[in-house]
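Heads up: the structure comes next, in structure tokens.
Shown next, in the form of structure tokens:
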């Protein structure tokens, strides 16, 4: 530009203007593109389905896949096995939901998320739901906090501490002044601070971004203890080189109700998720298993007097429709993963390497906390 | 002159550029306004409009190490300051270390000693071609965590080295010289470098040092051969030649290159979270998770790193002015 303005080039000043014209034209040509981008960005925020219509469920149906945020590295809850498939209690929750909404439990796309990424991934719509051993808390639930809609708790847990047997540590007091490994962005990090403050114990929290790094530092002897949900500690211990060299201290530092979750603002989708989980609870209560669900459906169809069973299995009534789900979403979910008791035993209970006790996770009739409201 | 008057305004070179630039500027403003409006609308709908009140609420989480007093009952802004101070500590130590190491290696590339020259080459090529995150994890998990436990620590007079860190004797309260002591299997000393901090600065210094070495080497190479020969013919020793003749001339080439290396080091310090060091990013991440104020926390983070880098830039530009050859 500077050169063009210099007087020496004055005689040829027609040329630059001829050069400039195509530039103007290409700018004009770009205008429609820019305009359409603008319009698209305006159209994006116009939606927000009300009523039985759910934007999220429409997205899932048209995509043909449920995108489920999981941990992916936690045996018993969600673990990517050597054969490339996910297994675990959380993974089975994803499968049940996929079976309920899409009719096929295999149409799940798992997304491994660390504890710091999970809420951002959910809020941004990168995942449709979380089944990632996430503790339900007020600030995560509240619209002014993380703004998450929680489904019913699928695992009642408590925070524990794991130490090497050789360390001889028995109580929290023995940890005074010592480094403790914890995954950052978890409720366990806060609970640890609270409990230690209550008891006036000074300690050094070493925070890592991922579970892998946290447990690597613990196994590298950088910390004398690692804290997390007791189920997670048991799960991780089962993958240690010497599981017997580590013990869980008997202290339970907090309540950790681990629950699947979806984002606030789509109540229809949240309800569908909630009642799919309840259906797994209810199925156990009614004695419907993965093996006998087909027979039960046949029985319900044959006998019009079994009104409860008929409504539950979608033979009569419109529960599915009310939720925006297919009428047979309950038998589809049960056929995919079994009832809650079966899921528990297979992944974390007696039938698994974790061998966790049902404890609080028994049915309410057996003195536990697993309770489904009536399907009515 | 008169034919210029006759050019219509849509072909007038004094008018058209203004019009085009005005239109483009307006279009950009409209796009930004639309995006911002969209953001505000969606944030309002989600109840996530910017608010800063949470900064005053108690953080209720602990930080492993802090240069300023901190406990969990202090507010969030305080914990962010703790993180910032920790970050600055790593950045400052890293800058000094990387400069010293890089200058030494860069100069070694011109050494008469062939072994030294080749070692410098190998160091630069190996280090700068491996991702920094990988190197940090290596230093932390493979090297530093291989140190012995507290009870079996390496001990020298006034110095203790163990898996939990490096402990040094120093003046304690009341100017009393105090060495490291073992209390309940935990070392205590007036001066302590945690292994997390050590791993971070080791990684930052070796990594950035390799790049600085290349900048220094390039600077030295830019000094004409004749300068070396002139200095040598005056009877100056290699080190004297380097110090008094070559480096002062090389500096004006080196300093602008160093600027961007320093800025990368400051930004790379955010990888501290991988090795458990409580830097600004690490405490911000916990803050974000506890408060759910993702946008606010990230704005603060972006602002903080931008500010740090701008300060480094301004300082380096000042240095650059100083080392430029005054032309007369």
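Residue numbers (my numbering), protein chains in the order written: chain A, 22 to 397; chain B, -15 to 312. Think of the CB as a built atom: it goes at the ideal place given N, C-alpha and C, for glycine as much as any other residue.
Not a single C-beta of chain B is nearer than 7 Å to the C-beta of residue 171(A).
Residue-level contact check: residue 220(A) does not touch chain B, since none of the beta carbons of chain B fall below 7 Å from its beta carbon. At least one CB of chain A lies nearer than 7 Å to the CB of residue 125(B).
Under the Cβ criterion of 7 Å, residue 196(A) is not counted among the residues facing chain B. Spanning the alpha carbons of residue 342(A) and residue 350(A) requires a straight line of approximately 10 Å. The DSSP assignment places complete alpha helix (DSSP H) segments of no fewer than 4 residues inside the segment 117 to 146 of chain A at 139 to 144, in order along the chain. Taking a 10 Å sphere around the C-beta of residue 171(B), we find 16 or more other C-beta atoms and assign the residue as buried. When Cβ-Cβ separations below 7 Å define contact, residue 332(A) makes no contact with chain B. Any Cβ of chain A closer than 7 Å to the Cβ of residue 198(B) would place that residue at the interface, and such an atom is absent.
Rounded to the nearest angstrom, the Cβ distance from residue 381(A) to residue 375(A) is 16 Å, too far for a contact under 8 Å. In the DSSP assignment, residue 341(A) falls within the unbroken alpha helix (DSSP H) covering 340 to 344. Taken through DSSP and simplified to helix, strand or coil, residue 28(B) comes out as helix. Non-local C-beta neighbours of residue 252(A) in its own chain, meaning closer than 8 Å and more than five positions away in sequence, comprise 97, 98, 154, 176, 178, 279, 369, 375, 377, ordered along the chain.
The C-beta of residue 270(B) comes closer than 7 Å to at least one C-beta of chain A. Counting only the Cα atoms, residue 116(B) lies some 25 Å from residue 283(B). DSSP places residue 91(A) in the uninterrupted beta strand (DSSP E) bounded by 87 to 91. DSSP, reduced to helix, strand and coil, places residue 160(B) within a strand of the structure shown. Contact with chain B is absent for residue 80(A), since none of that chain's Cβ atoms lies less than 7 Å from the residue's Cβ. The beta carbon of residue 210(A) sits closer than 7 Å to some beta carbon of chain B. Taking the C-beta atoms as reference points, residue 314(A) is found nearer than 7 Å to residue 352(A).
A residue is called buried once 16 or more other Cβ atoms fall within 10 Å of its Cβ, and residue 85(A), having fewer, is exposed. Under the DSSP assignment, residue 322(A) falls outside any beta strand (DSSP E), being part of the alpha helix (DSSP H) whose first and last residues are 314 to 323. About 28 Å separates the Cβ atoms of residue 212(B) and residue 192(B), ruling out a contact at the 8 Å cut-off.
Look at residue 225(A): its C-beta is under 7 Å from a C-beta on chain B. With respect to chain A, the C-beta atom of residue 170(B) has a partner C-beta closer than 7 Å. By the neighbour-count criterion, in which a residue is buried when 16 or more other Cβ atoms sit within 10 angstroms of its Cβ, residue 292(B) is buried. Less than 7 Å divides the Cβ of residue 203(B) from the Cβ of residue 237(B). For the segment 137 to 154 of chain A, the residues whose beta carbon sits under 8 Å from a beta carbon of chain B are, in order, 137, 140, 141, 144. Bounds of the beta strand (DSSP E) holding residue 228(A) are 225 to 229.
Inter-segment contact for the segment 260 to 275 of chain B and the segment 39 to 52 of chain B is present: three or more beta-carbon pairs are separated by less than 8 Å.
With contacts defined by Cβ atoms closer than 7 Å, residue 52(B) and residue 69(B) form a contacting pair. When the five nearest sequence neighbours on each side are left out, the beta carbons in the same chain lying within less than 7 Å of the beta carbon of residue 164(A) are those of 285, in order along the chain. For the pair residue 121(A) and residue 310(A), the CB atoms are not nearer than the 7 Å cut-off.
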